[in-house]
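Chains as they are written, first to last, in my numbering: chain D, -7 to 218; chain H, 7 to 475. Quick reminder that beta carbons are idealized off the backbone N, C-alpha and C, glycines included.
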């Protein structure tokens, strides 16, 4: 059994992480107009440090600090009400804190988990491609910008240069990648439509998932009752 | 012996142009077949036909019969064909779907419904044979490692017929030989293997049959006499250009790492003005990273000095002037082509119009001048990319695997052109290649990257030793 201190983050059961995140968002939005919501969100945020990678938690805090401050100021300037401004921050914080469990789960684990509950294979692979395409896109943009420079095209703000030296190679690469990827997927038997496909690595609920869920429920009950 | 593939009167045309016409051949169980022919002759088209990609996913008009295990597969779905036929496509980089190596290896086996224990056993075996870290992130692998990964993923599926389209592109010598040995051992167990490759020097000792595509048809060649020329090294007469002993780049204890992974550590060496340096090393050792450091595309914190601009010893960001002096040729040519025609491409930022015309003539690109660069074959695109960079007349030329996808004649011509330009301009040329046929002909001095912190310098004898000539 994993020791709590050496517990590897990112190991929340993916579907539980998504459902818990949704619960936090919904509860936060429903109770946003109460100060108790702030206590709830602070408690869940602190709890997240125990179960979710601290870097993910800190990223969330930075996001909240920037957007929370902006919306606090914006609401205060338009309504002159501290209460309304805090409630607005509650809404932003609900989304931020609610996203943390989901952010801690890798796309590959989520798709694996969706396969386990026999979600249609096409949808699972579609999701996996969407998730994995983001880093690919970022990398492609970086490489094309570099390649532009090696050909002496520097001014990306010039529409002509942007079109020729950036957009054309970019679109060509995207089309090329998606074409080859679809060939590769088909030739590796994805389209067999067999319900007997194997899931090489499965996701399992652990005691830590149960503890996380119970802790969230306890916080919700406490906030609601008190 | 049982006939597993029987092609009868097969023709295929894109638009109105025939790529293959009335092709007939057969392949028996347990045969190891080399499919050869010039660039653009139709090797990939034939492979696509054998695996059902044509006409299912790439359209065109196919007629005739392809019997696989006595079943005509024309108009059968790819998913039906893939139960019998495993295929490794070109461009491994574009085919990766999963995040981690072990998941990518498992993908095909999962789809075929192999037992979890079988998948696990095969992953352990394949990752061991191909020296892949099963927990590694796929996107972080080198070009050669990605090629191994995609090949391994197909081998895991275990079909009895395996087709590989240029599987040795980007693989180092040792990995190529390992792959050939694995394929050979599979044929001894009754598997049938078809490999389309330009690297005849590496593959010929292992194959039992050679099929050559020429003039739209497929001819069986006699192995014992087949084109001995193509397995030889390219010998170039001594270059007149004498390189001097002034360093153009100096590296002192350079380090480069990505997240936790150290790629280069405390490396020190010089590149001398006017020399032809050859960068050697196995797949994933950091050759491309090192070349990118030289080009200032990867930044090192200290220890890098360039004497390229008068008196400049700088770690500044590379600007337009820098890339006029330092020509970089990428492994993948698609990134560097963006003009409407090949001619515009070569004229773009060229040294001058006359020089661009001279380069066009040298590469015999006159007939392709009005073509759109993206409509060319991979080998032609690579040639055009090299021509566009050479037309800029850079003082330093960095070539990352310039010979991939070139047939032997194109390879020979490319080496001759590079050396001719080197002789005429006195440029400094730094090349990465795994192709032993041309390595020596592109080298005055060799740098062998053995480990992140261990680089051996030597002359041509180091090349001979590395490639075991």
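The alpha-carbon of residue 165/D is positioned some 18 Å away from that of residue 347/H. In the DSSP secondary-structure assignment, residue 223/H is bridged to 220/H. Following the DSSP letters along the chain, one finds residue 396/H in no beta strand (DSSP E) but inside the alpha helix (DSSP H) bounded by residues 384 to 397. Of all C-beta pairs linking the segment 343 to 359 of chain H to the segment 389 to 404 of chain H, three or more are shorter than 8 Å, placing the two stretches in contact. For residue 120/D, the neighbours in chain H by C-beta distance under 8 Å run, in chain order, 103, 104. DSSP lists 253/H as the beta-bridge partner residues of residue 278/H. Annotation for residue 65/H: no alpha helix (DSSP H) segment contains it, and DSSP assigns it neither H nor E.
A check of alpha carbon separations from residue 59/D across 48/D, 47/D, 77/D, 45/D identifies 77/D as the nearest. Close CB contacts of residue 342/H within its chain, under the 8 Å cut and outside five residues either way in sequence, are with 335, 336, 391, 394, 395 (chain order). When DSSP reads this structure, residue 462/H sits in a beta bridge with 454/H. By the C-beta density criterion, residue 5/D is buried, having at least 16 other C-beta atoms within 10 angstroms. Taking C-beta atoms under 8 Å as the contact rule, residue 41/H and residue 52/H qualify, at a distance of about 7 Å. With fewer than 16 other CB atoms across the displayed protein chains lying within 10 angstroms of its CB, residue 214/D is exposed. Within a 10 Å sphere around the beta-carbon of residue 103/D sit 16 or more other beta-carbons, which makes this residue buried. Measuring C-alpha to C-alpha distances from residue 428/H to each of 280/H, 412/H, 446/H, 119/H identifies 280/H as the nearest.
Residue-level contact check: residue 175/D touches chain H, since one or more beta carbons of chain H fall below 9 Å from its beta carbon. Residues 58 of the same chain have their beta carbon placed closer than 7 Å to that of residue 82/H, with the five preceding and five following residues left out of the count.
Within the DSSP bridge table, the entry for residue 73/H names 12/H, 78/H as partners. Against chain H, the CB of residue 114/D has no partner CB under 9 Å away; the residue lies outside that interface.
Cβ contact annotation for residue 67/D (same chain, cutoff 6 Å, sequence separation greater than five): 76, 77, 80, in chain order. With respect to the 9 Å criterion, residue 173/H and residue 94/H are classified as neighbours on the basis of their beta carbons. In the structure shown, the three-state DSSP call for residue 441/H is coil. Residue 375/H has a beta carbon lying at 9 Å or more from every beta carbon in chain D. Contacts between residue 152/D and chain H, judged by CB atoms closer than 9 Å, are missing: the closest CB pair is about 11 Å apart. Residue 178/H: not part of any alpha helix (DSSP H); DSSP gives it neither H nor E. Within the segment 371 to 399 of chain H, 380, 394, 395, 398 place their CB atoms closer than 8 Å to a CB of chain D, listed in sequence order. When only Cα atoms are considered, residue 130/D and residue 47/D end up about 21 Å apart. Of all residues in the segment 178 to 200 of chain D, only 178, 179, 180, 181, 182, 183, 184, 185, 186, 188, 189, 190, 191, 192, 193 come within less than 8 Å of chain H when Cβ atoms are compared, listed by chain position.
Contact annotation: in the segment 349 to 369 of chain H, residues whose CB is within less than 8 Å of a CB in chain D are 354, 355. Proximity to residue 105/H across 145/D, 83/D, 74/D, 125/D peaks at 125/D, based on C-alpha coordinates.
Beta-bridge analysis with DSSP links residue 350/H to no other residue.
Residue environment: residue 118/D is assigned as exposed (fewer than 16 neighbouring CB atoms within 10 Å of its CB, all protein chains considered). Leaving aside the five residues that flank residue 98/H on each side, the residues in its chain whose CB is nearer than 6 Å to its CB run, in chain order, 152, 153, 156. Here residue 197/D carries a coil assignment [DSSP, helix/strand/coil]. With distances taken between CA atoms, residue 108/H lies nearest to 145/H out of 145/H, 382/H, 273/H. For residue 355/H, the three-state secondary structure derived from DSSP is coil.
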